[in-house]
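Participant: Read in order, the letters of the sequence shown correspond to residues 921 to 1261 in the working numbering. For glycine and all other residues, C-beta sits at the position ideal for the given N, C-alpha and C. Structure provided below as structure tokens; questions to follow.
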Amino acid sequence: MLYGIGLQFTFAICLWILLDLVRARGPRLQRIAFGMLATSCATWALGEMWVQAARSTDMLLYARRLLWFGAALLPPAWLLTAAITARAPWALATPWRAALAALPMVGLCSLLWFDPAGRFTSWTTPRPVHGPLFYVFVALGWIQITAGAFYFLQAAAKLPREQRPRMLAIAAGALLPAVGNLIHLLPQAPSVDLTPVFLGFGGLLIRLAVLDSGLASILPLGRTDVLEQVPTAVLIADLSGRVIDSNRAARELLDDERVEGMPLAELVDRAKRIPERAIEVGRTRIRHAFGDAGEVALLTDRTETASLERQLVQAQKLESLGLLAGGVAHDFNNLLTGILG
């Protein structure tokens, strides 16, 4: 009963993450990685629920195929998401390498389609009997899960001390799936696999602590027509300093429609160096319950104002010069009057 509720919770959380990613703004690669992770986790949970409900050998076979397909995709998706979160250079430059890591996993679990000898795992027995290739599958998965947990912990360690709640949330989310899978592999393990349930809780913690970064309540405002019409350029960055949202004025000022994902400092510096433009920059931190949530930069075009100020200064100089000339002429006239008297 409780196990079924846990699986339903995991499936619901994964669906929420997927739907939320559709409307979310931010680095595209990070959203894709989280989407892959949520999809694989949801597939695994759905397969487990199907296994629990199976009433025939055919249904059990199809359920196990779905279950192991999700389990095969999850480790590389987990590794890619963690590496992008930790800003690992290889993940940002060549994310397709994570797809290569999925090939042996998918290849092994595909034995469920054409291996009646059960070298991967039994097809239709109520309690699965694992073959030798299953342990190769587990070893490959553990290598990727462990590497992903390392990257998540590395990302948590980079956070400032005042953001300890976020640090703990990331650490807990990274370790929970490993704990669940380790329990399942113990000799006296429960008859059910707790890994997908632990993945649901871990994924929720990581989703809230990493991808949102406390900006979930701010980003909807950034997408409203109101902010789009504001003449001041607005750039919103996450804790890593990369832009996750902008308005039309910012994109027009920078002459770039793809500012999301770029470093905020680089864009601000680019704005300051625009020829014949006077850009005033204002930056402020965004606070959240977890601490700092990000930063907002306001880029105000003061070109016209600066030009008017220069004209005003020039007019004041001319006015002063005119007053001086008038005073000199008046004094000179008085002098001539005295001489010609």
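Have a look at Trp998, Arg1047, Leu1114 and flag the residue whose alpha-carbon is nearest the alpha-carbon of phenylalanine 929.
Facilitator: For this step, residue 929 is matched to residue 9 along the sequence shown. Comparing Cα positions, the closest option is Leu1114.
Participant: Give the DSSP bridge partners of alanine 1217, in chain order.
Facilitator: Position 297 of the sequence shown, counted from the start, is the residue given in the question as residue 1217. Leu1155, Arg1203, per the DSSP bridge assignment.
Participant: Leaving aside the five residues before and after leucine 1187 along the sequence, list all residues of the same chain whose C-beta is less than 7 Å from its C-beta, in chain order.
Facilitator: Position 267 of the sequence shown, counting from 1, holds the residue named residue 1187. The residues are Leu1155, Val1163, Leu1174, Val1179.
Participant: From the DSSP output, read off the bridge partner residues of threonine 1041.
Facilitator: Walking along the sequence shown from the start, residue 1041 turns up at place 121. Per DSSP, His1050.
Participant: CA-CA distance, glutamate 1196 and threonine 1223?
Facilitator: Numbered from its first residue, the sequence shown carries residue 1196 at position 276. Numbered from its first residue, the sequence shown carries residue 1223 at position 303. Glutamate 1196 and threonine 1223: Cα-Cα distance of roughly 8 Å.
Participant: Give the secondary structure of arginine 1197 by DSSP, where H, G and I count as helix, E and B as strand, and everything else as coil.
Facilitator: In the sequence shown, counting from the first residue as 1, residue 1197 sits at position 277. Three-state result, arginine 1197: coil.
Participant: Just to confirm the assignment, what range does the alpha helix (DSSP H) spanning valine 1188 have?
Facilitator: As a working mapping, residue 1188 is identified with position 268 in the sequence shown. Where valine 1188 is concerned, the enclosing alpha helix (DSSP H) stretches over 1184-1192.
Participant: With a threshold of 16 other CB atoms inside 10 Å of the CB of tyrosine 1055, please say whether the residue is buried or exposed.
Facilitator: Reading the sequence shown from its first residue, position 135 is the one you call residue 1055. When all chains shown are included, tyrosine 1055 counts as exposed.
Participant: Does DSSP put arginine 1162 in a helix, in a strand, or in coil?
Facilitator: Stepping through the sequence shown from its first residue, residue 1162 is reached at position 242. Arginine 1162 falls in the strand class under three-state DSSP.
Participant: Taking C-beta to C-beta, are alanine 1157 and glycine 1061 nearer than 9 Å?
Facilitator: As a first step, residue 1157 is located in the sequence shown; it is residue number 237 there, counting from the start. As a first step, residue 1061 is located in the sequence shown; it is residue number 141 there, counting from the start. Not closer than 9 Å, so no.
Participant: Buried or exposed, going by whether 16 or more other CB atoms sit within 10 Å of the CB of leucine 980?
Facilitator: The residue you call residue 980 lines up with position 60 of the sequence shown. Classification for leucine 980: buried.
Participant: Strictly under 9 Å for the Cβ-Cβ distance: is tryptophan 964 near chain C by that measure?
Facilitator: Among the chains in the structure shown there is no chain C, since it carries only a single protein chain.
Participant: Output needed for serine 960: all residues of its chain with C-beta closer than 7 Å, excluding positions within five of it in sequence on either side, in chain order.
Facilitator: For the purposes of this step, residue 960 is identified with residue 40 of the sequence shown, where counting begins at 1. So the qualifying residues of the chain are Gly990, Leu993, Leu994, Ala997.
Participant: Would you give the residue range spanned by the alpha helix (DSSP H) that aspartate 940 belongs to?
Facilitator: Within the sequence shown, residue 940 is the residue found at index 20, counting from 1. Run containing aspartate 940: 922-943, per the alpha helix (DSSP H) assignment.
Participant: Rounded to whole angstroms, what is the Cα-Cα separation between arginine 1190 and alanine 1011?
Facilitator: As a position in the sequence shown, residue 1190 is number 270, starting the count at 1. As a position in the sequence shown, residue 1011 is number 91, starting the count at 1. Computed Cα separation, rounded: 26 Å.
Participant: Tell me the rounded alpha-carbon separation between alanine 1136 and leucine 941.
Facilitator: Here residue 1136 refers to the residue found at position 216 when the sequence shown is read from its first residue. Here residue 941 refers to the residue found at position 21 when the sequence shown is read from its first residue. Confidence is the limiting factor: at alanine 1136 the pLDDT is only 39, short of 50, which leaves the residue's position unreliable, though a coordinate-based value still follows. Answer to the nearest angstrom: the Cα atoms are 11 Å apart.
Participant: How big is the Cα-Cα spacing for glycine 1142 and glutamate 1177?
Facilitator: As a working mapping, residue 1142 is identified with position 222 in the sequence shown. As a working mapping, residue 1177 is identified with position 257 in the sequence shown. Bear in mind that a pLDDT of 43 at glycine 1142, under 50, signals an unreliable position, so the number given afterwards is only what the model happens to contain. C-alpha separation (whole angstroms): 15 Å.
Participant: In the DSSP assignment, find the alpha helix (DSSP H) that holds valine 1117 and state where it starts and stops.
Facilitator: Against the sequence shown, residue 1117 aligns to sequence position 197. Note, valine 1117: alpha helix (DSSP H), 1115-1126.
Participant: By DSSP, does glutamate 1177 sit in helix, in strand, or in coil?
Facilitator: Reading the sequence shown from its first residue, position 257 is the one you call residue 1177. It is coil, neither helix nor strand.
Participant: Out of Leu1159, Phe1121, Pro1015, point me to the one whose CA is closest to alanine 1075's CA.
Facilitator: Residue mapping note: residue 1075 aligns to position 155 of the sequence shown, counting from 1. The candidate whose alpha carbon is nearest that of alanine 1075 is Leu1159.
Participant: Take proline 1063 as the anchor and find which of Trp1033, Tyr923, Pro1085, Asn1101 has the nearest alpha-carbon.
Facilitator: Residue mapping note: residue 1063 aligns to position 143 of the sequence shown, counting from 1. According to the sequence displayed, residue 1063 carries isoleucine and not proline. When only C-alpha atoms are compared, the closest one is Asn1101.
Participant: Please state the DSSP three-state secondary structure of proline 1015.
Facilitator: Counting from one through the sequence shown, the residue named residue 1015 turns up at place 95. Coil at proline 1015, not helix or strand.
Participant: If you draw a straight line from the C-alpha of alanine 1003 to the C-alpha of leucine 1119, how long is it?
Facilitator: In the sequence shown, the residue the question calls residue 1003 occupies position 83. In the sequence shown, the residue the question calls residue 1119 occupies position 199. If you take the alpha carbons of alanine 1003 and leucine 1119, they lie about 18 Å apart.
Participant: Between Glu1148, Phe1121, Asn1167, which lies nearest to leucine 927 when the distance is taken from Cα to Cα?
Facilitator: Against the sequence shown, residue 927 aligns to sequence position 7. When only C-alpha atoms are compared, the closest one is Phe1121.
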